[in-house]
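Accompanying notes for the structure given below.
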Amino acid sequence: MQRKPPRAKLKKLVGATITEVRRHGKYLLIDTDTPQTLLVHLGMTGRLLIQQKAAPPPKHTHVVLDLGTRELRFADARRFGQFDVLDRAKERKHVALADLGPDPLVHGIDVDAFAARAKGKKATLKAFLLDQTVLAGVGNIYASEALWRAKLKPTTRAYKLTAASAARLAAAVDETLRNALDNGGTTFSDFIAADGAEGYNVDYLWVYGRAGEPCLRCKTKIRRAVHQGRVTYFCPTCQTP
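All residue numbers for the sequence shown refer to the working numbering, where the first residue is 670 and numbers rise by one.
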């Protein structure tokens, strides 16, 4: 794992009760009735599961917390995930959280601030959306989906966004993330919820993973391209600069 707490930190949680589960972008924050909060990032293949003690732990389980009759288990095959214990009063100073931008689903999107950030960026719109200091929580799948919804070309430079297109893109990001959350997340291979259920948002994707299929808006064939090492799906006709 990229970050795993020492046993001394975990021992602070003995006897604690989980009181709330929050999110900031791709990070889960699990509050307890102590000053400590668990910080979890699933990385590429991480799974956070609540299972009966009698159930065999999944392969690559790195952390197990005793919840009485059940256990909270963190498994991560590729070890890109993070699991840490932090002081809740100082959480915004934690190295993982300090530079994160607002989470659209928690803090909303300030369209004026979003547009202002874009004006100073030579990055493509796709890269701009993936920048976690701009908006926390937008990943590769949802960046492609939001750009399709907003009818914006992924390779357009961020500084070229007009006020109107910035507002359209902000709304598209919000709608894309909310729909994914309502549908339990997007499972292609690894992602599952804490109860083991797969997300079914994959059945509602507009553009991602649909190369060669007709655009659901204009019927042009969807294209697949690699931009800065990340796969992007887009419509060459209705996504314009």
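The beta carbon of each residue, even a glycine, is placed where N, CA and C say it ideally should be.
{"Check": "Do you know how far the Cα of L885 is from the Cα of Q705?", "Outcome": "47 angstroms"}
{"Check": "When every heavy atom of the ligand GDP is checked, does at least one fall within less than 6 angstroms of the C-beta of I687?", "Outcome": "Because no ligand of any kind appears in the structure shown, any question about the ligand GDP cannot be addressed here."}
{"Check": "State buried or exposed for K728, treating a residue as buried only when at least 16 other CB atoms are found within 10 Å of its CB.", "Outcome": "exposed"}
{"Check": "Using the C-alpha atoms, what's the distance from A724 back to V895?", "Outcome": "41 angstroms"}
{"Check": "State buried or exposed for H710, treating a residue as buried only when at least 16 other CB atoms are found within 10 Å of its CB.", "Outcome": "buried"}
{"Check": "For V690, which three-state DSSP category applies?", "Outcome": "strand"}
{"Check": "Would you call the CB atoms of A827 and A784 closer than 7 angstroms?", "Outcome": "no"}
{"Check": "Less than 7 angstroms between the beta carbons of K695 and G777, yes or no?", "Outcome": "no"}
{"Check": "Taking Cβ to Cβ, would you say Y873 is nearer than 7 angstroms to E814?", "Outcome": "no"}
{"Check": "Please confirm if the segment 765–780 is in contact with the segment 815–825, defined as three or more CB-CB distances below 8 angstroms between the two stretches.", "Outcome": "no"}
{"Check": "Could you check if E740 is buried or exposed, using at least 16 other CB atoms within 10 Å of its CB as the buried criterion?", "Outcome": "buried"}
{"Check": "Looking at the structure shown, is L755 part of a helix, part of a strand, or coil, going by DSSP?", "Outcome": "strand"}
{"Check": "What residue range does the alpha helix (DSSP H) around I810 cover?", "Outcome": "809–819"}
{"Check": "Just to confirm, are T824 and T845 a CB contact at a threshold of 7 angstroms?", "Outcome": "no"}
{"Check": "Who does Y902 pair with in a DSSP beta bridge?", "Outcome": "R893"}
{"Check": "Looking only at its chain, what residues have a beta carbon closer than 8 angstroms to the beta carbon of R837, apart from the 5 residues adjacent to it on each side?", "Outcome": "A819, K820, L821"}
{"Check": "How big is the Cα-Cα spacing for D864 and G854?", "Outcome": "13 angstroms"}
{"Check": "Going by alpha carbons, who is nearest to V871 out of K890, I810, C904?", "Outcome": "I810"}
{"Check": "Would you report the Cα separation of D781 and A812, rounded to the nearest angstrom?", "Outcome": "20 angstroms"}
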